[in-house]
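Numbering-wise (full-length UniProt numbering), the sequence shown opens with residue 14 and increments by one.
Worksheet: the structure to be examined is printed underneath.
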Amino acid sequence: DEEPLFADMAGDINVSLEFFPPKSDAMEVQLWEAIEALAPLDPSFVSVTYGAGGSTRERTHATVARLVRETSLVPAAHLTCVGASRGEIGEIADRYWDAGVRHLVALRGDPPPSAGGRFVPHPDGYANAAELVAGLAARHPFELSVAAYPEVHPEATSAQADLDNLKRKVDAGASRAITQFFFSTDAYFRFLDRALAAGITVPILPGIMPVTNLSGIRRMGGNVQIPDWLERMFAGLDDRPGSRALVAAVVAADMCRRLYNGGVRDFHFYTLNRADQAFAICQLLGVRPKETV
Ligand code: FAD
Numbered sequence: 014d015e016e017p018l019f020a021d022m023a024g025d026i027n028v029s030l031e032f033f034p035p036k037s038d039a040m041e042v043q044l045w046e047a048i049e050a051l052a053p054l055d056p057s058f059v060s061v062t063y064g065a066g067g068s069t070r071e072r073t074h075a076t077v078a079r080l081v082r083e084t085s086l087v088p089a090a091h092l093t094c095v096g097a098s099r100g101e102i103g104e105i106a107d108r109y110w111d112a113g114v115r116h117l118v119a120l121r122g123d124p125p126p127s128a129g130g131r132f133v134p135h136p137d138g139y140a141n142a143a144e145l146v147a148g149l150a151a152r153h154p155f156e157l158s159v160a161a162y163p164e165v166h167p168e169a170t171s172a173q174a175d176l177d178n179l180k181r182k183v184d185a186g187a188s189r190a191i192t193q194f195f196f197s198t199d200a201y202f203r204f205l206d207r208a209l210a211a212g213i214t215v216p217i218l219p220g221i222m223p224v225t226n227l228s229g230i231r232r233m234g235g236n237v238q239i240p241d242w243l244e245r246m247f248a249g250l251d252d253r254p255g256s257r258a259l260v261a262a263v264v265a266a267d268m269c270r271r272l273y274n275g276g277v278r279d280f281h282f283y284t285l286n287r288a289d290q291a292f293a294i295c296q297l298l299g300v301r302p303k304e305t306v
């Protein structure tokens, strides 16, 4: 077989894209360049994260509102219940609804470092993401997405308890889950099987993180296993950012190809507000800008 890798990708893939709200004018320019570059890939939605502890409440809102005003993209606003009362969450939800936003990604959020790593709900707040989903669903008929963890959330008492939690979030009104990033396609497929066996039938989109910085990934990843082959792939590239980016794109695209061969057609990309990686990976996967199809 002389067909090169990726030559069999039919382009029957839907992508969604995740961005974070910019902290400075320069970062804002970078974000919007990335959005403009990636918009022709016709993402099914674009999501905007919410800073730890709700620290980006206004910036997330401003970014999402600009997406509504200036683009035809479908935005999804991340929202966490860390440090917020039910009333405050309700007001944030109303503002999104009034701005024309119909899709939220409902998350519990991480405890602030000052809490010693333990999540303590606001006295009048939601105790977990399932309660948040129920509260948001009761407020407005939002489309709601939630987080899922193929390698188990670090605070969960067991894999089964974590799966039960995902089921509660779906039963409370979530119509889609998006996974934490992972590097083992086996772990993802096993998770899909177990979710289905637990009666979870909503789509569970794989969250694809193009790794360009392994130490950052180690910090962010919680339980996510970093396979030896990935360590070896990036060994010696510390001072070669260009090569690192090329390797990262191929590694992520190959993982997507294996997911595709296992039946996956919807992919969620953590873009880190950069177009190049996601665009190159989509290109390898046969996804083409809409105008040139
Ligand atoms: P939950 O679903 O509430 O679960 C948290 C933990 O509590 C799990 O271990 C769960 O098993 C356990 N649990 C929940 N309910 C119960 C119960 N009744 N009994 C026993 N155990 C229970 N963070 C941000 O701050 N901003 C973002 O924008 C953001 N976006 C994200 C996007 C994705 C796709 C993912 C995967 C994560 C994101 N996060 C974000 C991180 C997320 O906030 C953290 O992982 C957080 O620690 C858990 O949030 P959750 O919504 O999964 O919580």
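Glycine included, each C-beta is placed from N, C-alpha and C at the ideal position.
### Message
Taking a contact to mean a Cβ-Cβ separation below 9 Å, would you say Leu-18 touches Arg-270 in this structure?
### Response
Reading the sequence shown from its first residue, position 5 is the one you call residue 18. Reading the sequence shown from its first residue, position 257 is the one you call residue 270. Contact: yes.
### Message
Quick check on DSSP: helix, strand or coil for Ala-293?
### Response
Position 280 of the sequence shown holds residue 293. Three-state result, Ala-293: helix.
### Message
Looking at ligand 2, does it come within less than 8 Å of Glu-101, judged from the CB to the closest heavy atom?
### Response
This structure lacks ligand 2; the ligands present are ligand 1.
### Message
Nearest by alpha-carbon distance to Asn-178: which of Gly-148, Phe-194, Arg-121 and Pro-134 is it?
### Response
On the sequence shown, position 165 is the one that residue 178 refers to. For Asn-178, the closest alpha carbon among the candidates Gly-148, Phe-194, Arg-121 and Pro-134 is that of Arg-121.
### Task
Report whether the distance from the Cβ of Asn-178 to the nearest heavy atom of ligand 1 is below 8 Å.
As a first step, residue 178 is located in the sequence shown; it is residue number 165 there, counting from the start. Within the cutoff, so yes.
### Message
To the nearest angstrom, how far is the alpha carbon of His-166 from that of Gly-67?
### Response
Within the sequence shown, residue 166 is the residue found at index 153, counting from 1. Within the sequence shown, residue 67 is the residue found at index 54, counting from 1. Counting only the Cα atoms, Gly-67 lies some 20 Å from His-166.
### Query
Comparing the CB of Asn-141 with every heavy atom of ligand 1, is any distance shorter than 8 Å?
The residue you call residue 141 lines up with position 128 of the sequence shown. Proximity of the beta carbon of Asn-141 to ligand 1 is indicated: a heavy atom of the ligand is located closer than 8 Å.
### Query
If you draw a straight line from the alpha carbon of Ser-60 to that of Glu-83, how long is it in whole angstroms?
As a position in the sequence shown, residue 60 is number 47, starting the count at 1. As a position in the sequence shown, residue 83 is number 70, starting the count at 1. Straight-line measurement puts the Cα of Glu-83 at about 15 Å from the Cα of Ser-60.
### Task
Output the distance between the C-alpha atoms of Ile-102 and Gly-255, rounded to the nearest integer angstrom.
Residue 102 sits at position 89 when you count from the first residue of the sequence shown. Residue 255 sits at position 242 when you count from the first residue of the sequence shown. Going from the Cα of Ile-102 to the Cα of Gly-255 covers about 42 Å.
### Message
Nearest by alpha-carbon distance to Arg-189: which of Ala-210, Ala-112, Val-159 and Val-300 is it?
### Response
Start at 1 with the first residue of the sequence shown, and residue 189 comes out as number 176. Residue Val-159 is the option with its Cα nearest to Arg-189.
### Per-residue burial, Leu-298 [other beta carbons within 10 Å of its own, 16 or more giving buried]
The residue given as residue 298 occupies position 285 in the sequence shown. Only buried fits Leu-298, as 16 or more other CB atoms lie within 10 angstroms of its CB.
### Query
Comparing the CB of Glu-168 with every heavy atom of ligand 1, is any distance shorter than 8 Å?
Indexing the sequence shown from 1 puts residue 168 at position 155. At least one heavy atom of ligand 1 sits closer than 8 Å to the Cβ of Glu-168.
### Task
Scan the segment 35-116 and note each continuous beta strand (DSSP E) run of 3 residues or more that stays entirely inside, going in chain order.
Correct list: 59-61 and 88-93.
### Query
From Ala-78 to Val-87, what does the alpha carbon distance come to, in whole angstroms?
The sequence position of residue 78 within the sequence shown is 65, counting from 1. The sequence position of residue 87 within the sequence shown is 74, counting from 1. Our two residues, Ala-78 and Val-87, have alpha carbons roughly 11 Å apart in a direct line.
#### Entry: First and last residue of the uninterrupted beta strand (DSSP E) at Ser-256
By 1-based counting over the sequence shown, the position of residue 256 is 243. Counting along the chain, Ser-256 falls outside any beta strand (DSSP E), though it belongs to the alpha helix (DSSP H) covering 254-274.
### Message
Quick check on Thr-305: does DSSP put it in helix, strand or coil?
### Response
Indexing the sequence shown from 1 puts residue 305 at position 292. At Thr-305, the pLDDT of 48 sits below 50, so the modelled position is not reliable; the number obtained from the coordinates is stated separately. DSSP places Thr-305 in helix when its eight states are reduced to three.
### Query
Measuring CA to CA, which of Ala-174, Ala-169 and Ile-221 is closest to Asn-236?
As a working note, residue 236 is residue 223 in the sequence shown. That would be Ala-169, whose Cα lies nearest to the Cα of Asn-236.
### Query
Should Arg-181 be listed as close to ligand 1, given that the test is whether its C-beta is under 8 Å from any heavy atom?
The residue labelled residue 181 in the question sits at position 168 within the sequence shown. Arg-181: yes, Cβ under 8 Å from ligand 1.
### Query
In chain order, what residues of the same chain lie with their CB nearer than 7 Å to the CB of Leu-259, ignoring the 5 residues before and after it?
In the sequence shown, the residue the question calls residue 259 occupies position 246. Apart from sequence neighbours up to five positions away, no residue of its chain approaches Leu-259 with a beta-carbon distance below 7 Å.
### Message
To test your reading of the DSSP string, which unbroken beta strand (DSSP E) runs of 3 or more residues are found completely within the segment 102-185?
### Response
Complete beta strand (DSSP E) runs here, min 3: 116-120 and 156-161.
### Message
As a quick exercise: from Ile-221, Pro-219, Ile-239 and Gly-220, pick the residue whose alpha carbon is nearest that of Ser-228.
### Response
Along the sequence shown, one-based indexing puts residue 228 at 215. Among Ile-221, Pro-219, Ile-239 and Gly-220, the Cα nearest to that of Ser-228 is on Ile-239.
#### Entry: Val-118 Cβ short of 8 Å to ligand 1 heavy atom set
Residue 118 sits at position 105 when you count from the first residue of the sequence shown. Of the heavy atoms belonging to ligand 1, at least one sits nearer than 8 Å to the Cβ of Val-118.
### Task
Mind the definition here: the segment 191-202 touches the segment 146-153 only if three or more C-beta pairs lie below 8 Å; say whether that holds.
No, the segment 191-202 does not touch the segment 146-153.
### Task
Reducing DSSP to helix, strand and coil, say where Phe-280 ends up.
Position 267 of the sequence shown, counting from 1, holds the residue named residue 280. In the structure shown, Phe-280 sits in a strand (DSSP, three-state: E or B).
#### Entry: Residues near Ala-24 in its chain [Cβ-Cβ closer than 7 Å; skip 5 each side]
Numbered from its first residue, the sequence shown carries residue 24 at position 11. In the sequence under discussion, the amino acid at residue 24 is Gly, which differs from the Ala named in the question. Here Gly-24 has Gly-299, Val-300 and Arg-301 as same chain residues with Cβ atoms under 7 Å from its own Cβ, once five neighbours each way along the sequence are excluded.
### Message
With a threshold of 7 Å on Cβ separation, who are the neighbours of Ala-97 within its own chain once the five nearest residues in sequence on each side are excluded?
### Response
The sequence position of residue 97 within the sequence shown is 84, counting from 1. Scanning its chain for C-beta atoms nearer than 7 Å, with the 5 sequence neighbours on each side dropped, one finds around Ala-97 the residues Gly-67, His-135 and Gly-138, in chain order.
### Task
Report yes if the C-beta of Thr-192 is less than 8 Å from at least one heavy atom of ligand 1; otherwise report no.
Locating residue 192 in the sequence shown gives position 179, where the first residue counts as 1. In this structure, ligand 1 has a non-hydrogen atom nearer than 8 Å to the beta-carbon of Thr-192.
### the segment 105-122 / the segment 43-57 touching (three or more Cβ pairs under 8 Å)
Contact fails: fewer than three Cβ-Cβ distances are below 8 Å.
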